[in-house]
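What follows is a set of notes on a single structure, which appears directly below.
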Amino acid sequence: MTKCIRKWQGWLCLGWAALSLSCSGGGEEQQADDGAEDREEKTSVMSDMISEVTVEVLKAQDFEHELVSNGKLVAGQQADLKFETQGVVAAVYVKNGEHVRKGQKLAELDKFTLTRKVAQARDAMEQARLQMQDVLIGQGYSAGDSVGVPADIARLARVKSGYDRSVADYELAKREEENATLKAPFDGVVANLFAKPYNEPDASKAFCTIVGTQQMEADFTVLENELPLIKAGDRVEVTPYSDAASHYAGHVTEINPLVDEKGMVRVKAVVDGKGRLFSGMNVRVSVHRSLGKQLVVPKSAVVLRTGKQVIFTLENGKAMWNYVHTALENSDNYSLADGLEEGDTVIVTGNINLANESPVKVIGN
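Take the sequence shown: its position 45, counted from the start at 1, is 43 in our numbering, and no numbers get skipped.
Spelled out as structure tokens, the structure:
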């Protein structure tokens, strides 16, 4: 019996020893894992493969910040034209979409009645002038002596003869005759022309609209925290969504000094449409502003590692990992706030799968 008890005690001692060794080994392994997680990712993707890369030497250069927004085009010049004289349309000389020049005839009313009215007013004015001369002669002055007649006598003659009233009637008749012809007030394109000849136009509506196309206004918004990055005179580039390959230059003209409920500020820019832009177009607006000399890298040079921005530099045939902070950006480049110095050789392509100290081969840019 004693012999059996001793045998069981031996087995229990061996079990406890094995268990202790197991627990001790697991703790060391856990500590090793924790240490690996604390180490930087720089050595996590090491590879013996030589990657082909292109490089650039980092240097200070003029950096042009680009602020992008969506907007809508509005014609810099736009006029709704109406006939100021009543009548029937005799002729329409243009159609919608047609380019017209300043002073070009667009449409015309029937002028028969208006022409007769001008002739009658001219005759009445001439009769009043003769009557005024009769009054002056009756006062003892020569008919052609306009200088020697006292002002009060001349005024009396004009009133008694009705000369001033007849002159006003004649000028009004001539104005009505002139307004029977609709002319373009500036160079532009005809729009909203729906009237037909031999019909009387609706006096409550515009006969047509002339839209200037040479100078357009881009109306867009920016965030209030972007206001320090924009000012009047900044260069803009406008791209219509209907033609993404076309770009039109302009400059900022107005910044509305009010922030709306959405935290946006309205901005206007004048754009040279070259006759190819139309009012109401939806456009992409890029505002460019030079911020002076800064360290600038292509966007392709910046990669993400564990959620942080990294740039690889070339040192002795190897890619060296550098944490950086970018400041501003445009469509092609970043400006650097810190992380690198002027003169560093930056890897700009072939850097997607690089790790710290990966061997690389520089190829032609």
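Even for Gly, the Cβ is constructed at its ideal location relative to N, Cα and C.
Since this is a predicted model, take the numbers as computed values, not measurements.
Taking I228 as the centre and dropping the five residues before and after it, the same chain places the C-beta of L65, V220, V250, I253, V265, V285 and R287 closer than 8 Å to its C-beta, in chain order. R156 is the residue among R156, E176, L56 and A243 whose C-alpha sits nearest the C-alpha of L134. Between D150 and V116, the alpha-carbon positions lie close to 30 Å from each other. Cβ contact annotation for V98 (same chain, cutoff 8 Å, sequence separation greater than five): V92, L104, A182, D185, G186, V187, V188 and I208, in chain order. Rounded to the nearest whole angstrom, the CA to CA distance from F192 to A119 is 34 Å. By the Cβ-count criterion, F205 is buried, with 16 or more other Cβ atoms from all chains shown falling within 10 Å of its own Cβ. The beta carbon of N328 lies closer than 7 Å to those of E62, H63 and E64 in the same chain, with the five residues before and after it left out.
In the three-state reduction of the DSSP assignment, N177 falls in the coil class, being assigned neither a helical nor a strand state. E224 carries a helical assignment under DSSP once its states are collapsed to helix, strand and coil. Here A77 has P183 and I208 as same chain residues with Cβ atoms under 6 Å from its own Cβ, once five neighbours each way along the sequence are excluded. A buried status is given to N331, since no fewer than 16 other beta-carbon atoms sit within 10 Å of its beta-carbon.
The bridge partners DSSP lists for Q307 are L302.
In the same chain as R127, and ignoring 5 residues on each side of it, the C-beta atoms closer than 7 Å to its own belong to Y161, in chain order. Here L191 carries a coil assignment [DSSP, helix/strand/coil]. In this structure, DSSP gives V51 an extended state, which the three-state scheme calls strand.
Between N177 and V87, the C-beta spacing is not below 8 Å. Between the beta-carbon of S298 and that of T347 there is about 6 Å, and that keeps the pair under the 8 Å contact cut. In this structure, I48 places its C-beta atom within 8 Å of the C-beta atom of V358. Beta-bridge partners assigned by DSSP to A242: none are found. Each of R282, R173 and G337 was checked against the Cα of V322, and the nearest Cα belongs to G337. DSSP places A353 outside both helix and strand once states are collapsed to three, so it counts as coil.
Taking D217 as reference, the option from V281, K203 and D258 with the minimal CA-CA separation is V281. Taken in chain order, the whole beta strand (DSSP E) runs of length 3 or more contained in the segment 55 to 121 are 58 to 73, 76 to 79, 87 to 90 and 103 to 107. Here G273 has H97, T211 and Q212 as same chain residues with Cβ atoms under 8 Å from its own Cβ, once five neighbours each way along the sequence are excluded. Non-local beta-carbon contacts of T179 in its own chain, meaning distances under 7 Å to residues more than five positions away in sequence, involve K103 and E106 in chain order.
Residue nearest to G101 within the set L79, L71 and N94 is L79 (criterion: CA-CA distance). The continuous stretches of beta strand (DSSP E) do not include L154, which lies in the alpha helix (DSSP H) extending over residues A149 to S159. DSSP places K359 within a strand segment (E or B) once states are collapsed to three. Shortest Cα-Cα distance from N68 to any of R173, E355, P238 and K172 involves P238.
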